[in-house]
Amino acid sequence: MRRLLLVSCSAVGVLALLPAGGAIAVELPVRKAGLWEMKVVSTGGPSSEMTMHQCTDETTDKDMSTAMSPVAKEICAKQEIQKTATGYVTDSVCGIAGVTVKSKAEITGDFNSAYTVKSTSHSEGGRAGAHDSTSTIEAKWVGACKADQKPGDIMMPGGMKMNIKDMQKLKALIPKQPAK
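Numbering (mature numbering (1 follows the signal peptide of the UniProt record, and there is no 0)), first residue to last: -25 to -1, 1 to 155.
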């Protein structure tokens, strides 16, 4: 269950970096349609390296931000994206299951062939207590989606396949945060 929660938090964190439908003035570009390989290298977490493949199209990238926006609004007290000379930077504070995560990320690349997300985060609360982590996502476009894939499909390590459109269903599993 803990691993599922961490994967879910990671997924929300990655999705928070995608265009945020109306909630944030600056939006990231939509990724080129097709199959994206995303290599995630982390420190301070349960797994140090993971490679995922995601099939996407313009509609799915836009829908992801719209679908995840309510989830992010529920769990994030702060979400900011700013355009820089070299790309974008994000700053967020999110909480889930008694854990508060403050993170910052730098995003560079063209969203047509490759992009990189370098992030640092500080977590407090929960069983693990306070700890820091870093992660780098190196994403590259690898071509058309495979015949058995549809936009939104994410192929995880070990052959697990999920569709990002189902992430909205996770909202029901997120404990409500107490009013502050």
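For each residue, glycine too, the CB sits at the ideal point set by N, CA and C.
Only a predicted model underlies this, so the values are computations on that prediction, with no experimental measurement involved.
Counting of Cβ neighbours within 10 angstroms places Ser98 among the buried residues, the total reaching 16 or more. Scanning Arg6, Ile71 and Ile82 for the CA closest to the CA of Lys37 turns up Arg6. The Cβ-Cβ distance between Gly19 and Ser108 falls below 9 Å. With 16 or more other Cβ atoms inside 10 Å of its own Cβ, Met39 counts as buried. Ranked by how close their Cα comes to the Cα of Thr35, the residues Gln29, Ile82, Pro132 and Pro126 have Pro126 in first place. Look at the segment 68 to 151 and you find these whole runs of beta strand (DSSP E), each 3 residues long or longer: 74 to 84, 89 to 99, 106 to 118, 128 to 130 and 136 to 138. In this structure Val1 is in contact with Gln57, their Cβ atoms being roughly 6 Å apart against a cut-off of 8 Å.
For Tyr90, same chain residues with a beta-carbon under 7 Å away, outside a window of 5 residues either side, are Ile82, Thr83, Gly84 and Ala114 in chain order. Boundaries cannot be given for Ser23, as no beta strand (DSSP E) includes it and DSSP labels it neither H nor E.
Note that the C-beta distance between Val64 and Lys77 is not below 9 Å.
For Glu55, the enclosing beta strand (DSSP E) begins and ends at Cys51 to Lys58. Secondary-structure assignment with DSSP links Lys14 through a beta bridge to Thr26 and Glu113. Rounded to whole angstroms, Gln124 and Asn138 show a C-alpha spacing of 10 Å.
Using a 10 angstroms sphere on the CB of Val15, the tally of other CB atoms reaches 16 or more, which defines it as buried. The secondary-structure analysis by DSSP pairs Thr31 across a beta bridge with Gly9. Approximately 13 Å separates the beta-carbon atoms of Gln29 and Asp141; this is outside 8 Å, ruling out the contact. Taking a C-beta distance under 9 Å as the contact criterion, Lys48 and Asp66 do not qualify as a contact pair.
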